[in-house]
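In the working numbering, the protein residues as written are 251 to 751. Ideal placement from N, C-alpha and C gives every residue a C-beta, glycine not left out. Below: the structure, in structure tokens.
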């Protein structure tokens, strides 16, 4: 008797949406690792440089970077982000976008060389006229880096993307810190920026698996320029609303004030950049693919917001409460009077986590034009107010408070749009914020109470900083476990999915 061969049943296919979500989750460890290592290098380098280079000279470079960032916006012109948001991209379109971006970047560099003098006069910083022409060269390297970073993100090639981001930070620290130690001053920062851009662009170009050719195809150029319009209008208004406060500080209050303000801003935005933007990088491609299932997309967003806030609010709460000791111990006497600015901007940084997550979600769901309108409103209302306040009060603290008001103005319409258009109920958003907000309040109370108690003793600043911070961490963890222990279990499950092979 001949036996009938047994057919092996094919393995069950994973639903497409679940596969997309899993791929996005697997990208989170890579984006977090990339930022943690790269920003860790940059943070250490920044703190070392803060000890070696006077704040005024740092302020000159930071002012120049505001100009360079504006040129970077022009060179990108919304083109690379439009490729990221596209479901399909052919090689002719990709090559055309790359060529257009490079051409615009070269024109921006020439413009910076031509107008370096008038720009430095506008900021009242004669040193800027020498620094800006060299810094402007980074527009070309930034354009290359940004293009390949977005393309690797679109294809969810997280390891290759990681290599480029790490190279960016390593190149800066490896060049800037030794130069600063040798007494190069302002030029150590310039050299670091240029070296980082060159190294990162080369690494990313090599890591990208598809050949990129220089060439413009007329039909594809028309498509690219047409599809980039919503993103360039959003990016332009976002850039102005996010950088005019720097321009106000640099032009009205001077390079030293710019250094104090910018250092506070960079520290307070660190959790948003380290976590919110890194998770967004991994989840945006998934949001794009889940446009036809808005309920699932909204649920994914709420999970992301809940755990992003839970991870991000702890360092912000503790840093806000220990700001005087942090400035004294870590940055030194050159940076005194920075602590009230840092404390205020930590509040701004907490709100940024929420607005950043909602903003990326709206972008992935064709909300770029609405976000451009919100940014335009902020540009017309908040930014003039900040300029007037800087001129009238000459106070960085007032500027920081107004920046908190500005980010709140952004949050409200974004939440309303998500509620009315994208099926994100207000009650679920409030529920996602409730536990992290409560834990942060407890952490602030524990940290402040410990610091004020230790102020009555003869203990030195470093032990006081460490003990106060530890008290805040313990209070935060205890509150989280007591209020919702399930949150830890759910977070562990997400981490297991993210790191599973």
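- [ ] Spatial neighbours of residue 389 within its chain, please: CB distance less than 8 Å, with the 5 preceding and 5 following residues excluded, ordered by chain position.
- [x] The residues are 318, 321, 322, 325, 355, 358, 359, 362.
Task: residue 260 burial status per 10 Å Cβ neighbour count (16 or more: buried) - done: Any answer about residue 260 is weak, because its pLDDT of 38 lies below 50 and its placement is not dependable; what the coordinates show is given next. Exposed, by the Cβ-count rule.
Open item on the list: Quick check: residue 575 and residue 701, are their CB atoms within less than 8 Å of each other?
Closed with: Result yes, Cβ atoms of residue 575 and residue 701 sit closer than 8 Å.
Open item on the list: Between 402, 310, 421, which has its C-alpha nearest residue 372's C-alpha?
Closed with: Checking every option, the nearest Cα to that of residue 372 belongs to 310.
Task: Cβ neighbour criterion (16 or more within 10 Å) applied to residue 377 - done: That one is buried.
Open item on the list: As a quick exercise: from 582, 613, 410, 572, pick the residue whose alpha carbon is nearest that of residue 720.
Closed with: Selected option, being the one with the closest Cα: 572.
Open item on the list: Let's test the definition: count the other Cβ atoms within 10 Å of the Cβ of residue 597 and tell me whether it reaches 16, buried, or not, exposed.
Closed with: With 16 or more other CB atoms across the displayed protein chains lying within 10 angstroms of its CB, residue 597 is buried.
- [ ] Tell me whether residue 658 counts as near the ligand SAH, meaning its Cβ is closer than 7 Å to at least one heavy atom of that ligand.
- [x] In the structure on display, the ligand SAH does not appear, and there are no ligands present to speak of.
TODO: Taking 8 Å as the threshold, find out whether the region 649 to 658 comes into contact with the region 529 to 541 through three or more Cβ pairs.
DONE: Counting Cβ pairs under 8 Å, fewer than three are found: no touch.
- [ ] Specify the secondary structure class of residue 738 as computed by DSSP and reduced to three states.
- [x] Three-state DSSP puts residue 738 in a helix.
Task: Distance between residue 434 and residue 304 (C-alpha atoms, nearest Å) - done: Answer to the nearest angstrom: the Cα atoms are 11 Å apart.
Open item on the list: With the cut-off set at 8 Å, would you say residue 436 and residue 381 are in Cβ contact?
Closed with: Yes, the Cβ-Cβ distance between residue 436 and residue 381 is below 8 Å.
Open item on the list: Starting from residue 620, trace the alpha helix (DSSP H) in both directions and tell me its first and last residue.
Closed with: In the DSSP assignment, residue 620 falls within the unbroken alpha helix (DSSP H) covering 618 to 643.
- [ ] Using only alpha-carbon positions, find the residue among 642, 733, 698, 731 that is nearest to residue 716.
- [x] Of the listed residues, the one whose Cα sits closest to residue 716 is 698.
- [ ] Kindly indicate which residue of 351, 375, 383, 409 has the alpha-carbon position closest to the one of residue 501.
- [x] That would be 375, whose Cα lies nearest to the Cα of residue 501.
TODO: Can you have a look at residue 487 and say buried or exposed, based on whether 16 or more other CB atoms are within 10 angstroms of its CB?
DONE: Answer is buried; the Cβ neighbour count reaches 16.
TODO: Use the C-beta contact count for residue 332: other C-beta atoms within 10 angstroms, 16 or more gives buried, fewer gives exposed.
DONE: Answer is buried; the Cβ neighbour count reaches 16.
Task: Range of the contiguous alpha helix (DSSP H) that encloses residue 608 - done: Element bounds for residue 608: 589 to 614.
- [ ] Can you give me the Cβ contacts of residue 297 inside the same chain, cut-off strictly under 8 Å, excluding the 5 residues immediately before and after it?
- [x] If we look at residue 297 and ignore the five residues flanking it on each side, its Cβ neighbours are 580, 581.
Open item on the list: In chain order, what are the residue ranges of uninterrupted alpha helix (DSSP H) at least 4 long that sit wholly in the region 510 to 549?
Closed with: Secondary structure in the region 510 to 549: the alpha helix (DSSP H) runs of 4 residues or longer, each lying completely within the stretch, are 527 to 539 in chain order.
Open item on the list: Check for me: the alpha helix (DSSP H) holding residue 422 runs from which residue to which?
Closed with: Secondary structure note for residue 422: its alpha helix (DSSP H) is the uninterrupted segment 408 to 431.
Task: Distance between residue 395 and residue 350 (C-alpha atoms, nearest Å) - done: Their Cα atoms are separated by approximately 14 Å.
TODO: Enumerate, from N- to C-terminal direction, the unbroken alpha helix (DSSP H) stretches of 4 or more residues contained entirely within the region 430 to 517.
DONE: Those alpha helix (DSSP H) runs which fall completely within the region 430 to 517 and span 4+ residues are 436 to 457, 468 to 498.
Task: Simplified DSSP state of residue 651, which is helix, strand or coil - done: Residue state, collapsed to three classes: helix.
Open item on the list: Here's the rule I'm using: 16 or more other beta-carbon atoms within 10 Å means buried, otherwise exposed. How should residue 428 be labelled?
Closed with: Residue 428 is exposed by the Cβ-count criterion.
Task: Whole-angstrom distance between residue 478 and residue 291, CA atom to CA atom - done: Rounded to the nearest angstrom, the two C-alpha atoms are 34 Å apart.
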